[in-house]
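Here's the structure, in structure tokens; my notes come after.
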Amino acid sequence: MKRHALFHQILGWFFALLLFSACNSEKGKEAIASFDPQKEAEEADGNFPYKWLSTYGFFEGDLKNLSPNDALLPYEPASSLFTDYAHKSRFVWIPEGEKAKISNDELNLPIGSVLIKNFYYPGDFSKPTGNRRIIETRLMIHQANGWEAFPYIWNDSQTDAILKVVGGETQVKFRDENGKNQVINYLIPNKNQCKTCHNKNEKLDPLGVAVKHLNSPKELDGELVNQLAYWTKRGKLEGFLSENQHPKMVDYSNESLPLADRAKAYLDINCAHCHREEGPASTSGLFLGYEQTDPLKLGINKTPVAAGNGAGSFQFDVVPGKAEESILIHRMNSTEVGVAMPEIGRTTIHEEGVELIKAWINSLESNSN
């Protein structure tokens, strides 16, 4: 009888423990789903990084409107990196009295410069200027010892963003351009993960502000102008000669342009940050920069060096005329860890990007080598 009572007592403790764990688990979910940290006063003392995005004073008025102050320069690469269909707005702040410089077609930003990249989702993609949710703002700050990256996560009330070096995760809901409701598990990279892509010779380095990306038109101050010419006019850039005297890249989403140019632009902005001689994938022998002309380095009829499970059952990175037999498509068309490429920055498949690269591969003649 005593043993029977003891058994029931232990069983009661067991279920109480399960209930306690479940309650704690639910609280954890609420903490992830709801994010409105209490804000405390912070002084803009020049010691970067600040805890709160608003402390920098980059934007005027209601912060969520992302209305830049007069000192910011907007920019937009000719082709945009895919990040789970997120929309982006980008700015650069160059210290007063300083200028960016172009030398040997390299764009160099002075110490103290800050790159500002906002990631957001419109509630309805058919109304991109309507209601939106800003997920994160990434800053890259040019310090005396090099570039540093700092991720800021926006609160639920969209009043500010707080520095979170550990990154984060959030669920995003939106209606896409076809009217379908979508749900994405959006991952915000931690500070160290930023170097996975922004890696040039083992040092953190900006990507989207290269000459070839900015030697392109953008509507600024009510007119369509070359971005580098605009920076020059604003007194923030020296060394720009003319549009035709510097490298430039096309917009891969412009279907009126040649297919090969669009495909190479896509591979450049989405893959070449790793797949270049100075990048972490240099040993792969696959170099996907826009300027690349060597078929083998573009993966055509090339066997992978060490793809492991990433290669699947396929033998060549790119099989001319046979996209479905190409490792490149296999990896782009996957979200599986160890297979998917790029490795970070997306949890979904960029369907339009996959179709573009498929079309390019299928257009290649079988004797391409």
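So the sequence shown is numbered by my numbering: it starts at 235 and just counts up by one.
Note that beta-carbon positions come from the ideal geometry of N, C-alpha and C, so glycine has one too.
These numbers come from a predicted model, not from an experiment.
Here Pro271 has Asn389, Ile396 as same chain residues with Cβ atoms under 7 Å from its own Cβ, once five neighbours each way along the sequence are excluded. Between the stretch 273–293 and the stretch 302–309 there are three or more inter-stretch CB-CB distances shorter than 8 Å, so the stretches are counted as touching. For His447, the enclosing alpha helix (DSSP H) stretches over residues 445–448. For Glu330, no alpha helix (DSSP H) run applies, since DSSP gives it neither H nor E.
A straight line joining the alpha-carbon of Glu477 with that of Val459 spans about 11 Å. Judged by DSSP in its simplified three-state form, Arg565 adopts helix.
With contacts defined by Cβ atoms closer than 7 Å, Ile350 and Phe316 do not form a contacting pair. Secondary structure of Ala378 (DSSP, three-state): coil. Just measuring C-alpha positions, the residue of Leu530, Thr527, Gln392 sitting nearest Asp296 is Gln392. Rounded to the nearest whole angstrom, the CA to CA distance from Gly473 to Lys446 is 14 Å.
Excluding five sequence positions before and after Leu300, the CB atoms of its chain that fall closer than 7 Å to its own CB belong to Phe293, Ser323, Asn352, given in chain order. Closest in C-alpha terms to Val443, from the list Gly555, Asn419, Glu310, Pro385, comes Glu310.
Comparing C-alpha distances from His507 to each of Gly519, Lys498, Gly523 shows the shortest one belongs to Gly523. For Ile591, no beta strand (DSSP E) encloses it; the enclosing alpha helix (DSSP H) starts and ends at 585–597. By the Cβ rule, the stretch 352–362 does not count as touching the stretch 327–338, because fewer than three pairs are nearer than 8 Å.
With contacts defined as CB atoms closer than 7 Å, Gln461 and Leu448 qualify as a contacting pair. Bounds of any alpha helix (DSSP H) do not take in Gln416; it lies within the beta strand (DSSP E) bounded by 415–422.
Buried is the label assigned to Thr371, since at least 16 other Cβ atoms lie within 10 Å of its Cβ. Straight through space, the alpha carbons of Leu562 and Ala540 are spaced by roughly 14 Å.
Cβ contact annotation for Leu454 (same chain, cutoff 6 Å, sequence separation greater than five): Tyr464, in chain order. Across the structure, Glu558 and Asp485 are spaced so that their CA atoms are roughly 25 Å apart. Using a C-beta cut-off of 8 Å, the stretch 411–426 makes no contact with the stretch 274–287, since fewer than three inter-stretch Cβ pairs fall below that distance. Annotated three-state conformation of Thr527 is coil, per DSSP.
Following the DSSP letters along the chain, one finds Tyr464 inside the alpha helix (DSSP H) bounded by residues 461–467. Only residues of its own chain outside the window of five on either side were considered, and among them Pro554, Gly555 have a CB closer than 8 Å to the CB of Glu599, listed in chain order. In the three-state scheme derived from DSSP, where H, G and I count as helix and E and B as strand, Gln405 is classed as strand.
In the three-state reduction of the DSSP assignment, Ile578 falls in the coil class, being assigned neither a helical nor a strand state.
Contact between Leu438 and Trp381 is confirmed by a C-beta separation of about 4 Å, below the 8 Å threshold. At the C-beta level, Ala499 and Leu590 stay beyond 7 Å of one another. Ser560 places its beta carbon 7 Å or farther from that of Ile503.
Linking Asp279 to Ile345 through their CA atoms gives a straight-line distance of about 17 Å. Close CB contacts of Gly572 within its chain, under the 8 Å cut and outside five residues either way in sequence, are with Gly542, Asn543, Gly544 (chain order). Annotation: the continuous beta strand (DSSP E) that includes Tyr355 extends over 348–356. In the DSSP assignment, Tyr500 falls within the alpha helix (DSSP H) that extends over 493–505. In the structure shown, the three-state DSSP call for Tyr319 is coil. Burial check for Gly587: the Cβ neighbour count within 10 Å reaches 16 or more, so the residue is buried.
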